[in-house]
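Take a look at the structure set out below.
Numbering (UniProt numbering), first residue to last: 1 to 540.
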């Protein structure tokens with residue numbers, strides 16, 4: 001009996017320490033402390049639910065669902081168990097499952113206004129989802145929105161220049177009248193004046209008819225013709241920095257030209273870095289535009305002499321995702337070999353709908369851009385290999401051994417990410433400290449050990465795996481006996497994690513990773529998740 005009391009007391013002390021770590025946003029430490037408390041007192045639903053909450057903060061929704069379910073098993077009347085599980089289902093975009101849990105919370109706490117509010121928002125989300133599913137065209141009948149857009153027709157256009165034509169015509173007629181009045185006696189001069197006037201008039205109409213520039217009051221960055229130049233990209237970035245918008249015409253041009261370039265690439269892209277040259281790999285940026293500018297300040301702008309690979313998750317969470325993606329796409333258009341782009345799990349409709357990018361694009365541009373970005377994201381390559389030695393992927397490795405680089409090249413990537421299979425695992429999987437494979441703490445993909453990494457490298461004659469996908473306190477982490485590096489480039493993630501950002505510079509021929517870390521920089525007072533799903537913001 002005394003031993004039980006002692007264990008209970010120790011468990012409660014650990015829980016309090018865990019709560020303090022959680023309040024300090026040290027979520028991994030909180031999980032460790034809750035785990036120790038659970039080992040001493042596993043029948044406490046509170047401990048399980050609290051650990052589930054810490055997992056949610058780390059976006060480990062699979063582990064959160066497991067812990068919340070255990071809390072419910074321990075105490076079916078503990079409403080927070082359902083509450084935490086509902087929040088975790090929501091994080092994975094599983095609105096229908098979340099709805100069931102919040103209905104249970106409402107049933108258990110009928111007078112709780114917070115539970116009522118969240119249930120109503122969840123019901124709205126499910127209703128909207130059902131409506132979208134009902135009106136969606138069958139896959140075989142869907143048409144490319146990109147092929148229906150003529151960006152050159154957007155802006156001032158031919159018709160809007162009619163007032164200019166009329167003004168020029170009036171001036172021409174007036175000039176002719178004056179000439180006639182002054183030189184009444186000279187028929188030759190009169191005829192010459194008429195001819196010149198007609199030529200001026202025809203030229204004016206031709207000039208104004210060809211003018212497809214944007215509105216004259218637009219003062220932002222402009223693309224001259226079809227070529228995106230460094231001067232344009234610099235001007236655009238400066239405008240974004242000052243919270244100015246890019247004209248829709250130029251946004252369309254950037255996205256459509258990027259689509260053309262990406263569609264021509266294989267699913268696995270080979271990158272060649274000549275001896276003596278360097279190459280930089282960045283991890284998740286997640287809409288943190290001002291931190292992206294800081295990366296360029298620290299490491300230089302992308303160019304053929306200073307090439308980059310951005311390893312997915314460009315958008316969502318941060319509220320400057322549009323600025324990030326247009327900047328990266330513009331560099332891709334400017335010089336394809338200056339920047340390489342890989343798909344992350346957040347370059348997908350389901351994630352964009354929940355975590356803010358869809359709402360941001362609707363707010364800053366239009367509904368048609370939402371569809372266009374979704375289409376272009378399906379063209380992003382899934383992985384890269386640097387000098388046949390360094391394998392770079394957003395998420396991780398596979399649920400089976402024997403996967404060859406040729407298998408990755410053969411993936412048909414032009415679709416939304418599936419919930420299983422090689423493409424899913426490339427985008428979602430995470431390393432684990434234990435050997436072998438285990439369930440994903442996220443609820444999608446899997447966890448893989450050092451032995452899995454070693455075999456994959458040996459079978460494909462590679463030296464190193466570089467991946468992103470996870471927040472790390474120092475911006476990076478080296479695992480699996482030095483054979484795997486995680487790099488994350490969004491410092492102070494979501495304005496709350498307090499982590500550093502990092503990028504990796506490789507120099508040929510040895511390709512030894514040189515890791516550079518950096519801290520977050522100030523940004524305008526627009527909170528992360530400002531454009532996210534209303535329901536999700538309640539839990540952020």
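Even for Gly, the Cβ is constructed at its ideal location relative to N, Cα and C.
Helix, strand or coil at residue i according to DSSP, with G and I counted as helix
| i | result |
| --- | --- |
| residue 431 | strand |
| residue 470 | coil |
| residue 229 | coil |
| residue 533 | coil |
| residue 284 | strand |
| residue 204 | No answer about residue 204 holds up, because its pLDDT of 45 lies below 50 and its placement is not dependable. |
| residue 18 | helix |
| residue 314 | coil |
| residue 223 | coil |
| residue 354 | helix |
| residue 447 | strand |
| residue 462 | coil |
| residue 157 | In this predicted model, residue 157 has a pLDDT of only 48, less than 50, meaning its place in the structure is not dependable enough to derive any value. |
| residue 6 | helix |
| residue 23 | helix |
| residue 527 | coil |
| residue 144 | coil |
Residue range of the unbroken alpha helix (DSSP H) whose run includes residue i
| i | result |
| --- | --- |
| residue 516 | No alpha helix (DSSP H) contains residue 516, which is instead part of the beta strand (DSSP E) from 514-518. |
| residue 261 | 248-263 |
| residue 333 | 321-334 |
| residue 293 | 289-299 |
| residue 33 | 27-40 |
| residue 46 | 45-57 |
| residue 74 | 61-74 |
| residue 149 | Here residue 149 belongs to no alpha helix (DSSP H), and DSSP marks it neither H nor E. |
Test item: CB-CB of residue i and residue j under 7 Å
| i | j | result |
| --- | --- | --- |
| residue 78 | residue 37 | no |
| residue 268 | residue 408 | yes |
| residue 520 | residue 491 | yes |
| residue 80 | residue 49 | yes |
| residue 85 | residue 75 | no |
| residue 503 | residue 489 | yes |
| residue 522 | residue 318 | no |
| residue 283 | residue 468 | yes |
| residue 109 | residue 115 | yes |
| residue 395 | residue 426 | yes |
| residue 401 | residue 437 | no |
| residue 244 | residue 220 | yes |
| residue 474 | residue 500 | yes |
| residue 63 | residue 441 | yes |
| residue 40 | residue 10 | yes |
| residue 360 | residue 321 | yes |
| residue 285 | residue 314 | yes |
| residue 371 | residue 145 | yes |
| residue 348 | residue 416 | yes |
| residue 471 | residue 387 | no |
| residue 411 | residue 252 | no |
N-terminal and C-terminal residue of the beta strand (DSSP E) that residue i is part of
| i | result |
| --- | --- |
| residue 503 | 501-507 |
| residue 310 | 308-310 |
| residue 437 | 437-439 |
| residue 457 | Segment 450-459 is the alpha helix (DSSP H) holding residue 457; no beta strand (DSSP E) there. |
| residue 477 | 476-479 |
| residue 270 | 268-271 |
| residue 340 | 339-341 |
| residue 484 | 484-487 |
beta-carbon residue i near the ligand ZN non-hydrogen atom, thresh 6 Å
| i | result |
| --- | --- |
| residue 342 | Of the ligands one can find in the structure shown there are none, so the ligand ZN has no counterpart to examine. |
Whole-angstrom C-beta distance between residue j and residue i, which should lie under 8 Å
| i | j | result |
| --- | --- | --- |
| residue 339 | residue 381 | In fact, because the Cβ distance is near 12 Å, the residues do not count as touching under 8 Å. |
| residue 485 | residue 464 | 7 Å |
| residue 280 | residue 329 | The Cβ separation is near 18 Å, so there is no contact. |
| residue 344 | residue 312 | 2 Å |
| residue 25 | residue 154 | In fact, because the Cβ distance is near 44 Å, the residues do not count as touching under 8 Å. |
| residue 384 | residue 326 | That pair is no contact at about 22 Å. |
| residue 466 | residue 397 | Not quite, the Cβ-Cβ distance comes to about 12 Å (not below 8 Å), so this is no contact. |
| residue 404 | residue 323 | Not confirmed; about 38 Å, so no contact. |
| residue 33 | residue 61 | About 21 Å; that fails the 8 Å criterion. |
| residue 541 | residue 65 | This structure gives no information on residue 541, because the portion of the chain shown stretches from 1 to 540. |
| residue 247 | residue 290 | Rounded, the Cβ-Cβ distance is 22 Å, inconsistent with contact. |
Tell me the start and end of each unbroken alpha helix (DSSP H) in the UniProt repeat "TPR" (79-112) that is at least 4 residues and wholly inside, in chain order.
-> 79-91, 95-108
Go through the region 357-436 residue by residue and report every complete run of the alpha helix (DSSP H) that reaches 4 residues or more, in order.
-> 357-364, 367-377, 405-409, 422-428
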